[in-house]
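The next block holds one structure in the form of structure tokens; read it before the comments.
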Amino acid sequence: MSSRLTEQEKQEIIRYLEQDQPLPEKYRFLLFEDKREVELVWNGKTNQVCRTVLPFQTIEQVDEPRAEKPSDTTMQMSLFDVDSRGRQLKGWTNKLIWGDNKLILSSLKNGPLREEIERQGGIKLIYIDPPFDVGADFSMDIEVGDETLTKKPNILEEIAYRDTWGKGADSFISMIYERLILMRDLLAEDGSIYVHCDSRVNSYIRLLLDEIFGNNNMINEIIWRRKGGTALGEMRHFSAAYDTLFIFSKSSEYTFNQIYTEASHEYIDSQFKYYDIDGRRYMINVMRSPSPRPNLKYNYKGYKTPPNGWAVPRSTMEKLDREGRLHFPDSKNKQIYKKIYLDEYQGQKANNLWVNIPTLKGTSSEIVGYPTQKPEALLERIIKASSNEGDLVADFFVGSGTTASVAEKLGRKWICSDLGKFAIHTTRKRMINVQRTLKKEGQGYRAFEILNLGKYERQHFVGVNPNLREEEQRQQLEEKERAFVDLILRAYQAQKTEGFTCFDGKKSGRLVAVGPINLPVTRLFVEEIILECRKKQITKVDILGFEFEMGLFPNVLDEARNKGIDIAPKNIPAEVFDKRAVEKNQVVFHDVAYIEVKPHITKRKKNQPPTVAVELTDFSVFYSQDSIQQAEADLGKKKSGSKVVVEKGQIVKVSKDKDGILKREQLTQNWTDWIDYWAVDFNFESKREIIRIQNEETGEWEEQWTGDFIFENEWQSFRTKKDRSLELHSVAYECVSGRRKIAVKVVDIFGNDTMTIVEVNL
Numbered sequence: 001m002s003s004r005l006t007e008q009e010k011q012e013i014i015r016y017l018e019q020d021q022p023l024p025e026k027y028r029f030l031l032f033e034d035k036r037e038v039e040l041v042w043n044g045k046t047n048q049v050c051r052t053v054l055p056f057q058t059i060e061q062v063d064e065p066r067a068e069k070p071s072d073t074t075m076q077m078s079l080f081d082v083d084s085r086g087r088q089l090k091g092w093t094n095k096l097i098w099g100d101n102k103l104i105l106s107s108l109k110n111g112p113l114r115e116e117i118e119r120q121g122g123i124k125l126i127y128i129d130p131p132f133d134v135g136a137d138f139s140m141d142i143e144v145g146d147e148t149l150t151k152k153p154n155i156l157e158e159i160a161y162r163d164t165w166g167k168g169a170d171s172f173i174s175m176i177y178e179r180l181i182l183m184r185d186l187l188a189e190d191g192s193i194y195v196h197c198d199s200r201v202n203s204y205i206r207l208l209l210d211e212i213f214g215n216n217n218m219i220n221e222i223i224w225r226r227k228g229g230t231a232l233g234e235m236r237h238f239s240a241a242y243d244t245l246f247i248f249s250k251s252s253e254y255t256f257n258q259i260y261t262e263a264s265h266e267y268i269d270s271q272f273k274y275y276d277i278d279g280r281r282y283m284i285n286v287m288r289s290p291s292p293r294p295n296l297k298y299n300y301k302g303y304k305t306p307p308n309g310w311a312v313p314r315s316t317m318e319k320l321d322r323e324g325r326l327h328f329p330d331s332k333n334k335q336i337y338k339k340i341y342l343d344e345y346q347g348q349k350a351n352n353l354w355v356n357i358p359t360l361k362g363t364s365s366e367i368v369g370y371p372t373q374k375p376e377a378l379l380e381r382i383i384k385a386s387s388n389e390g391d392l393v394a395d396f397f398v399g400s401g402t403t404a405s406v407a408e409k410l411g412r413k414w415i416c417s418d419l420g421k422f423a424i425h426t427t428r429k430r431m432i433n434v435q436r437t438l439k440k441e442g443q444g445y446r447a448f449e450i451l452n453l454g455k456y457e458r459q460h461f462v463g464v465n466p467n468l469r470e471e472e473q474r475q476q477l478e479e480k481e482r483a484f485v486d487l488i489l490r491a492y493q494a495q496k497t498e499g500f501t502c503f504d505g506k507k508s509g510r511l512v513a514v515g516p517i518n519l520p521v522t523r524l525f526v527e528e529i530i531l532e533c534r535k536k537q538i539t540k541v542d543i544l545g546f547e548f549e550m551g552l553f554p555n556v557l558d559e560a561r562n563k564g565i566d567i568a569p570k571n572i573p574a575e576v577f578d579k580r581a582v583e584k585n586q587v588v589f590h591d592v593a594y595i596e597v598k599p600h601i602t603k604r605k606k607n608q609p610p611t612v613a614v615e616l617t618d619f620s621v622f623y624s625q626d627s628i629q630q631a632e633a634d635l636g637k638k639k640s641g642s643k644v645v646v647e648k649g650q651i652v653k654v655s656k657d658k659d660g661i662l663k664r665e666q667l668t669q670n671w672t673d674w675i676d677y678w679a680v681d682f683n684f685e686s687k688r689e690i691i692r693i694q695n696e697e698t699g700e701w702e703e704q705w706t707g708d709f710i711f712e713n714e715w716q717s718f719r720t721k722k723d724r725s726l727e728l729h730s731v732a733y734e735c736v737s738g739r740r741k742i743a744v745k746v747v748d749i750f751g752n753d754t755m756t757i758v759e760v761n762l
């Protein structure tokens, strides 16, 4: 290194370091060997990637949709062994993972699941459609009766998508760069990746992919026409009608299956002449040698050789001749053609301009109500082209679940993830519908499981400056966390406390614990609270959180209650960040939702097993999103209009007519209006939830019971875009006599899940 620097340059570097100033850009190329002809540089760029390994906990398993009785195990895959309940016992189980995909990718790459992935041959294909519209509003439209409610993103989504990735191009590039490196490392050596983007970021994405995968591993740039027609109204630019798909491979060896598209009659008429023979129509095709293949100059049966030579060797010509696939003209001064029968014609070979994939329209049966949903035909082409049946494919921004749906239908295994709980729920419903369809058609299907990252570390969503030194970053993180806790305590009107490990404040004789700003409240978080309660004889606790880990309740609450501890989980509303609302004590912290169910037991006659059915009798929520008063104030400034708001567990439509009269209409007439989905596990606590933890001394992965159980989804009813009805009474399920626990899970229209357990004696 020193031989490339002059004495003056060395002294200049020392001076910059002594003054704690960054080195000029030229020294990056003088000091380091790693040079690139072209490189994308941005503020905060680093080649360091996340190496965190967190255990995956299985929250739910779905492999028998709507089993009507234990004997109704269907023909689920004949490849698998199933138990008496229809549970898949062997083979790969598809994965649907909720959480930050950076942590998911790192844990898949460096954790125990990597072994299982490698046994499947590795991930052969990754497709991602990241949120490249960094200024987008990640809201969802939810149907409530005949009205539509706009669901705002929760705090985790808001912080992740907008505050972290949406601060400008450099934050978006940093986010996707690190994840693309992890995806590359996770791909099989013969795997490939498709990255979906549009004109706002495709120039950045192309350079990132060149840098990470190498421009020699670029396979294609696909132009996909995502919409047709012409935009209405005047515009000062051409309307955007296409997106871009970049395809890169990990090495020179990768899967590619030729895709054919249906040829139009006009194309066939223009390219071929028709002949009829033996009642079968065929076309003739010139067998010239296409460039850059070497020309094959030889005479065949005395007929004229094409000017550029034959496209096939003599042995192939002889084989085609034996099969009757050659057309010999009436004169030997003419050349021989190959017969292509119309009923065997596969179509035109697909090129990199995809204009014939149907777009999703309002009447499409595929539509699930997710704003960034892509047509299944698009993913079908991708998955068919770059994977084979039985291969493992992945999507780490799964959204509406299109990748998982198509992969399952095409016989591929899959891993999909998303940060949004609503996306996970949408995909769960969609995949159950796929299972039901395959079952009805007599085809096999795989089980899938919903996973959580069971233990979280505090991440970078709080806005710590990445350019600071490690110790300064730690100090800034602690300061921001203290400020956050103080803000929540003020909004909750609680007094700050000292001397506790888990507790931050106290209110009305109850201690208060504040969950993290950037992550869900986890089982580990609650277990630490229970431990301190037992040590210090604390009996009443409020836990405040923006989000709670899937499947967390009611198990840990029952566990605490059995130890004499009353824990009340409460949702932190977004209004805590409204200074005026906090100052006026207008922030309301609502209890987590709860469920009421009623089991119906029928004891059969002698030698017949008893049955149990579950009736859903009540579901209470306490959400607020906006306020009626604010909606009326906003509408007061307009001539007319309407707005749907959520206040204290009720959905209300506020409208103003042309006469200026404000009206309120309550849309949630019944508690069932809040329910989107519910499911039953008729024998909860029959399957332990096991995670794998690395032994620090030996480095070996060891299995460990979390103390919880997996919800095995055996019966479910849910609303779809086309069918808004909901069954409130499950089937009568045959059971073995004895005591058992039945678990019931409800998912509300916002995608949040709540679970309750009832014990029955059959």
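If you're matching positions, the sequence shown starts at 1 in UniProt numbering and goes up one per residue. All C-beta atoms, glycine included, are put in the ideal place defined by N, C-alpha and C. Small disclaimer: the values here were computed from a predicted structure and weren't measured.
| Query | Result |
| --- | --- |
| Check whether phenylalanine 750 and tyrosine 594 have beta carbons under 8 Å apart | no |
| Integer Cβ distance of residue 791 from threonine 611, believed to fall under 8 Å | The displayed coordinates of the chain run from 1 to 762. Any statement about residue 791 would go beyond what the structure contains. |
| CB of valine 621 within 8 Å of CB of glycine 649, strictly | yes |
| Sequence-distant residues of the same chain with beta carbon closer than 8 Å to lysine 658, five excluded per side | Lys639, Ser640 |
| Tryptophan 678 burial status per 10 Å Cβ neighbour count (16 or more: buried) | buried |
| Rounded distance between the beta-carbons of serine 386 and threonine 305, thought under 8 Å | Going by Cβ atoms, the distance from threonine 305 to serine 386 rounds to 38 Å, so no, they are not a contact pair. |
| Local Cβ density within 10 Å of serine 627, reported as buried at 16 or more and exposed below that | buried |
| Length-filtered (4 minimum) alpha helix (DSSP H) runs lying within the region 421-446 | 421-440 |
| Contact set for alanine 560: own chain, Cβ-Cβ below 6 Å, skip 5 residues either direction | Ile530, Ile567 |
| Between the CA atoms of phenylalanine 711 and glutamate 734 - distance to the nearest angstrom | 18 Å |
| Any non-hydrogen atom of the ligand ZN closer than 7 Å to tryptophan 354 Cβ | The ligand ZN is absent from the structure shown, which contains no ligands of any kind. |
| Which of helix, strand or coil DSSP assigns to aspartate 141 | strand |
| Proximity below 8 Å, CB of lysine 563 to CB of arginine 534 | yes |
| Reference threonine 757, options Lys721, Arg314, Asn695, Gly551, closest by Cα | In the sequence on display, residue 757 carries isoleucine and not threonine. That would be Gly551, whose Cα lies nearest to the Cα of isoleucine 757. |
| Three-pair Cβ contact test at 8 Å for the region 469-483 versus the region 107-117 | no |
| Rounded distance between the beta-carbons of serine 106 and arginine 184, thought under 8 Å | Not confirmed; about 13 Å, so no contact. |
| Buried versus exposed, by CB contacts within 10 Å (16 or more), leucine 17 | exposed |
| DSSP-derived helix/strand/coil call for glutamine 21 | coil |
| Beta bridge counterpart(s) of lysine 745 as assigned by DSSP | Ala679, Met755 |
| Given glutamate 632 as reference, the closest of Phe619, Leu616, Ser655, Val646 once Cα atoms are compared | Ser655 |
| Residue interval of the alpha helix (DSSP H) (run including asparagine 101) | 101-110 |
| Under the three-state DSSP convention, the category threonine 244 falls into | strand |
| Three-state secondary structure assigned by DSSP to valine 644 | strand |
| Same chain only: Cβ atoms within 6 Å of leucine 728, ignoring 5 sequence neighbours per side | Leu616 |
| Alanine 613 - partner residues in DSSP beta bridges | His600 |
| Cut-off 7 Å between Cβ atoms - residues of its own chain near lysine 687, not counting five sequence neighbours on either side | Phe709, Ile710, Glu712 |
| Candidates Gln373, Leu438, Ile450, Val434, of which the one nearest serine 417 by Cα | Ile450 |
| Range covered by the alpha helix (DSSP H) that runs through methionine 317 | 314-322 |
| Range of the contiguous alpha helix (DSSP H) that encloses alanine 633 | 628-635 |
| CB of phenylalanine 589 within 8 Å of CB of proline 569, strictly | no |
| Reduced DSSP secondary structure (H/G/I, E/B, other) of valine 526 | helix |
| Sheet register partners of glutamine 608 (DSSP bridge) | Per DSSP, none; premise fails for glutamine 608. |
| CB contact flag (isoleucine 247, leucine 208, <8 Å) | no |
| Straight-line gap, glycine 214 to valine 195 (C-alpha atoms, nearest Å) | 15 Å |
| Entirely enclosed beta strand (DSSP E) segments - the region 687-715, minimum 3 residues | 688-694, 701-709, 711-713 |
| Beta-carbon proximity of glycine 99 to leucine 392, cut-off 8 Å | no |
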